[in-house]
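Counting in numbering that gives the first Met the number 0, the sequence shown runs from 0 upward without gaps.
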Amino acid sequence: MTAQRIYDTVADDFSRVNDLIIQRLSSDVPLVEKIAQYIIESGGKRLRPLLVLLSSQAAGYEENDHLKLAAVIEFLHTATLLHDDVVDTSDMRRGRSTANARWGNAPSVLVGDFLYARAFEMMVELKSLRIMDVLSHATAVIAEGEVMQLMNVKNPDLTEEQYMKVIHNKTAMLFEAASHTGALLAHASAEQELGLKDYGKHLGLAFQLVDDVLDYQGDAEAMGKNVGDDLAEGKTTLPLIHAMSHGTGEERQLIRQAIRKGGLDDLPRILDIVERSGAIEYTMAKAREQAELAQTCLLSLPDSGHKEAMELLTEVAVARVS
Numbered sequence: 000m001t002a003q004r005i006y007d008t009v010a011d012d013f014s015r016v017n018d019l020i021i022q023r024l025s026s027d028v029p030l031v032e033k034i035a036q037y038i039i040e041s042g043g044k045r046l047r048p049l050l051v052l053l054s055s056q057a058a059g060y061e062e063n064d065h066l067k068l069a070a071v072i073e074f075l076h077t078a079t080l081l082h083d084d085v086v087d088t089s090d091m092r093r094g095r096s097t098a099n100a101r102w103g104n105a106p107s108v109l110v111g112d113f114l115y116a117r118a119f120e121m122m123v124e125l126k127s128l129r130i131m132d133v134l135s136h137a138t139a140v141i142a143e144g145e146v147m148q149l150m151n152v153k154n155p156d157l158t159e160e161q162y163m164k165v166i167h168n169k170t171a172m173l174f175e176a177a178s179h180t181g182a183l184l185a186h187a188s189a190e191q192e193l194g195l196k197d198y199g200k201h202l203g204l205a206f207q208l209v210d211d212v213l214d215y216q217g218d219a220e221a222m223g224k225n226v227g228d229d230l231a232e233g234k235t236t237l238p239l240i241h242a243m244s245h246g247t248g249e250e251r252q253l254i255r256q257a258i259r260k261g262g263l264d265d266l267p268r269i270l271d272i273v274e275r276s277g278a279i280e281y282t283m284a285k286a287r288e289q290a291e292l293a294q295t296c297l298l299s300l301p302d303s304g305h306k307e308a309m310e311l312l313t314e315v316a317v318a319r320v321s
């Protein structure tokens with residue numbers, strides 16, 4: 000119910016953003032349109048465009064360009080998903096076959112490129128050099144985050160500090176860019192702009208930390224992916240980092256070997272170690288810490304329904320099951 004209240008705050012705008020997304024997906028190449036629509040309509044939460052709508056209006060924006068900016072953010076996000084699934088050789092996302100599983104790697108990569116290009120076309124239409132600067136920088140940082148994660152696949156020596164850097168670049172950066180550009184569109188004060196920028200960053204970190212917890216104790220049906228997928232891909236996330244540093248020598252060695260080889264042969268034993276080591280509680284505490292930081296970033300904004308929705312979103316971030 001709380002999550003629905005957040006979306007209800009911008010329901011009309013959200014519907015108009017969805018219409019705009021479909022409109023701007025049009026292409027003379029049928030396969031481009033088919034793949035783009037498939038991934039866009041795959042049932043995601045649309046959190047990043049939601050952030051644009053909430054942040055811009057919480058800062059007093061009253062015109063219509065926030066709809067276009069929200070669509071730009073969703074196109075950038077969708078392009079990264081298409082590329083991510085190819086890199087990760089993923090077959091499922093949100094309970095459906097990935098685009099690369101259905102149409103192959105090459106079309107998925109190329110349609111991802113199309114979505115980047117369409118996003119930048121629309122970005123130019125906003126006629127704001129500052130917004131272009133933020134989004135072009137964010138796109139580069141996200142790409143760096145993907146490369147950082149790729150370099151650390153099957154690396155059990157990843158530190159907590161390095162992990163936080165990866166999830167900031169890979170996930171939190173687009174949250175940050177969404178709320179920051181919303182502030183820029185509204186010509187928010189310097190204090191409000193910084194607050195909204197940092198709000199997105201902390202919210203994005205909280206979401207990713209919870210995602211990494213759900214990989215070890217989530218509901219597979221609700222998540223649309225299997226428990227243990229990160230381990231199967233050899234990804235070292237915070238629950239594993241904590242479990243290795245607080246488990247016995249034998250447990251640490253088991254986790255290290257599992258990360259190095261990937262797969263799920265040792266998943267039941269590792270789930271037990273993660274649970275007993277306090278790794279779930281530790282990671283959730285870190286997520287709550289980020290959510291609380293996000294809350295404090297809203298203090299400079301005037302009271303409004305949009306601000307209240309953003310406050311609720313920080314609570315939803317750490318209370319969700321998918």
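Ideal placement from N, C-alpha and C gives every residue a C-beta, glycine not left out.
Fill in: Inter-residue Cα distance where the pair is R15 and Q22
10 Å
Discussion item. Please return the same chain residues whose Cβ sits closer than 6 Å to the Cβ of M172, not counting the five positions on each side in sequence.
Written reply: A137, V140, I141
Practice prompt. List the endpoints of the continuous alpha helix (DSSP H) containing G181.
Written response: Per DSSP, G181 belongs to the alpha helix (DSSP H) from 172-184.
Fill in: Nearest neighbour of A278, chosen from V212, M309, R251 [CA to CA]
V212
Discussion item. Give me the residue from S41, R129, L312, H241 with the minimum Cα distance to A284.
Written reply: H241
Item to complete: For T97, I'd like the list of residues in its chain whose CB is within less than 7 Å of its CB, leaving aside the five on either flank, ordered along the chain.
Response: D84, S89, D90, M91
Worksheet item: Comparing the CB of D84 with every heavy atom of the ligand SAM, is any distance shorter than 6 Å?
Response: Absence of the ligand SAM from the depicted structure is noted, as is the absence of any ligand whatsoever, leaving it without description.
Worksheet item: Going by DSSP, what residues sit across from M91 in a beta bridge?
Response: S96
Practice prompt. Assign V165 to one of two classes, buried (16 or more other C-beta atoms within 10 Å of its C-beta) or exposed (fewer than that).
Written response: Its Cβ being crowded by 16 or more others within 10 Å, V165 is buried.
Worksheet item: Considering D18, what are the terminal residues of the alpha helix (DSSP H) in which it resides?
Response: 10-23
Worksheet entry | Three or more C-beta pairs below 8 Å linking the stretch 30-41 and the stretch 64-71 | no
Worksheet item: Distance, Cα to Cα, V273 vs V209?
Response: 15 Å
Worksheet item: Does the separation of the CB atoms of A57 and L300 fall below 7 Å?
Response: With a cutoff of 7 Å on beta-carbon distance, A57 and L300 are scored as near each other.
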